[in-house]
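Take a look at the structure below.
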Amino acid sequence: MIEIAIDGTAASGKGTLGKKLSDKYSFPYLDTGLLYRKVAHELIKDNKINTTKLEQTSCDFAMILNFKELKNTNLRTEDVAKLASKIATFPNLRKILNNKQKEFNNSSKKKFGGCILDGRDIGTTILPNADFKFYITASLEIRAKRRLLEKNISFLHENDEKCMLQALMNNMRERDRLDSNRKISPLIPAKDAYVIDTTSINPEELLLKVADIIERKK
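Using our numbering, the first residue of the sequence shown is number 13, and each one after it goes up by one.
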């Protein structure tokens, strides 16, 4: 049975890597960040973001979370991402979602012989004994440009594009700060993780690099 843990910053390429590894090895893949985004989305949808019991309300949503609902494209908005980083600091919410991640891992290993999880504390907290741990990162500007390309906006004037790019960089910088400085399970590379910078490489090159590491040590 093989566990593959992928951690890293937003838009670094870890999600694409997870999907490609899933296709290559036929192991189930989970983007664990979507669990927090799903809870954040429900809070926004039900106008609960200003409640004085935000942590408890977040936990209530987390308890009934359905993995099948994680494909909702509305989970990818900047507002959802920002709130997801905020609620990710709640200890009780993390306990609930950590258990769901571990359940996914155990079920996947029994049924398929392996699993692939990506997030921000997979190699340090969720799968501390994973067979393979990777920490994916890239420069802030490159990550913001990738996110801008994902939005597929073709009608922007040059000045508008620069403003949007700067806004994305500011949002990512703040998210990096929140993720890296939270007291519980901060975003840091596991001591035994392979750290890979994707600033100058594409998804296919990243897959080859990671697959080579896996094949040499399997």
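The beta-carbon is built from N, C-alpha and C at its ideal position, and this holds for glycine as well.
Item: Local Cβ density within 10 Å of N104, reported as buried at 16 or more and exposed below that; Value: exposed
Item: Buried or exposed (CB count within 10 angstroms, at least 16 for buried), D35; Value: exposed
Item: Minimum length 4: unbroken alpha helix (DSSP H) runs contained in the segment 145-191; Value: 152-163
Item: Reduced DSSP secondary structure (H/G/I, E/B, other) of L139; Value: coil
Item: C-beta contact flag for T149 and S197 at 8 Å; Value: no
Item: Collapsed DSSP secondary structure at D224 in the structure displayed; Value: helix
Item: Where I18 sits in the DSSP three-state scheme; Value: strand
Item: K80 to A156 span [Cα, whole Å]; Value: 29 Å
Item: Endpoints, the alpha helix (DSSP H) within which D35 is located; Value: K26 to Y37
Item: Nearest-angstrom beta carbon gap, A205 and F146 [assumed within contact, 8 Å]; Value: 6 Å
Item: Residue environment, I128, which counts as buried when at least 16 other CB atoms sit within 10 Å; Value: buried
Item: Chain-order list of residues whose beta-carbon lies under 7 Å from that of T69 (same chain, five-residue window excluded); Value: L55, K60 and T63
Item: Sequence-distant residues of its chain with Cβ nearer than 7 Å to F102 (five each side left out); Value: E67 and S70
Item: Three-state secondary structure assigned by DSSP to D209; Value: strand
Item: Local conformation of G45 per DSSP, three classes; Value: helix
Item: Euclidean distance between Cα positions of L190 and S97; Value: 7 Å
Item: Contact check, I138 vs Q178, beta carbons under 8 Å; Value: no
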